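Worksheet: the structure to be examined is printed underneath.
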Amino acid sequence: MKKIFSILTIFAMMFLINSCRNDGELAYNGDSLLLFTAPQSSADVLVLVGSGSTNYNITFGVAKQVDADSDVTLVVNKTKSTAVEGVDYTIASKTMTLKAGTSTGSFPIKLLEGGAVQSGKKIAFTLTSSTLKSAAFNQNFTINVSLTCPVSTFVGNFTYTAGFWN
33 MKKIFSILTI
43 FAMMFLINSC
53 RNDGELAYNG
63 DSLLLFTAPQ
73 SSADVLVLVG
83 SGSTNYNITF
93 GVAKQVDADS
103 DVTLVVNKTK
113 STAVEGVDYT
123 IASKTMTLKA
133 GTSTGSFPIK
143 LLEGGAVQSG
153 KKIAFTLTSS
163 TLKSAAFNQN
173 FTINVSLTCP
183 VSTFVGNFTY
193 TAGFWN
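Each residue of the sequence shown is one higher than the one before, starting from 33 at the first, in the working numbering.
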């Protein structure tokens with residue numbers, strides 16, 4: 033029994049010594065792969081009645097900082113979108129330059145009240161670049177736009193005059 037205990041103690045010591053080794057800092061050294069950086073593949077954006085519009089930033093990035101300036105283009109997938117550009121939303125610039133040494137950027141989108149409906153509309157996006165490869169993940173992003181009333185509309189005292197509550 034003492035031999036078994038001694039052998040197990042030796043193996044446990046060897047395991048502890050090997051498991052405490054520092055592996056160093058992990059770093060990605062591959063290509064600067066282009067992708068959307070939002071935590072999900074879609075976003076629900078509400079346009080308030082009376083606001084005129086709502087602004088939203090579509091964020092993107094690369095897996096590693098770019099070595100040289102790189103142009104990135106935001107492309108609207110019209111077959112997957114129900115919203116119409118110029119009626120439901122506007123994009124200030126569909127192309128932006130990701131400067132050397134940076135890893136993130138964003139495209140500002142203005143969602144217009146005039147085109148928003150309560151049932152919602154979709155805008156589907158992809159990214160392209162002539163100098164950056166696309167990542168195998170996070171390549172599609174969708175904005176779901178809905179029209180809603182501000183909370184202040186529902187604050188106050190009301191008299192219910194219909195139905196069985198009378």
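A virtual CB, placed ideally from N, CA and C, is assigned to each residue, including glycine.
All of these numbers come straight from a predicted model, not from anything done at the bench.
For residue i, does the count of other Cβ atoms within 10 angstroms reach 16, so buried, or fall short, so exposed?
i	result
ILE141	buried
SER74	exposed
ALA18	Coverage of the chain is limited to positions 33 through 198, which leaves residue 18 absent and any answer about it impossible.
ASP63	exposed
ASN189	exposed
ILE90	buried
VAL94	buried
ASN170	buried
LEU106	buried
PHE43	exposed
Beta carbon of residue i, beta carbon of residue j: below 8 Å?
i	j	result
LEU65	ALA167	yes
VAL98	LEU67	no
VAL104	GLY133	no
ASN109	THR69	no
GLU145	SER85	yes
SER102	SER161	yes
Might you give, ordered along the chain, the residues of its own chain that have their beta carbon closer than 8 Å to the beta carbon of residue i, omitting 5 neighbours on each side?
i	result
ASN176	SER74, ALA75, ASP76, VAL77, GLY152, LYS153 and LYS154
VAL119	LEU144, GLY146 and GLY147
LYS165	ASP63, SER64, LEU65 and LEU66
Skipping 5 residues on each side, what residues in its chain have a beta carbon closer than 6 Å to that of residue i?
i	result
LEU179	VAL79, ALA148, VAL149 and GLN150
LEU163	In the sequence under discussion, the amino acid at residue 163 is Thr, which differs from the Leu named in the question. The residues are SER102.
PRO182	LEU80
ILE123	ILE141
Enumerate in chain order the residues of its own chain whose CB-to-CB distance from residue i is below 7 Å, with the five nearest sequence positions on each side excluded.
i	result
SER113	LYS154, ILE155 and ALA156
SER83	GLU145
Kindly indicate which three-state DSSP category residue i falls into: helix, strand or coil?
i	result
LEU40	helix
GLY56	coil
PHE68	strand
GLY188	coil
GLY62	coil
Are any of the Cβ atoms in chain D nearer than 8 Å to that of residue i?
i	result
ASN61	Going by chain labels, chain D is absent from the structure shown, which holds only one protein chain.
(Q) Extract the residue ranges of the alpha helix (DSSP H) inside the segment 86-124, only unbroken runs of 4 or more that lie entirely within it. (A) none
**Q.** Every unbroken beta strand (DSSP E) inside the segment 126-185 [3 residues or more]
**A.** 127-130, 136-144, 153-160 and 173-180
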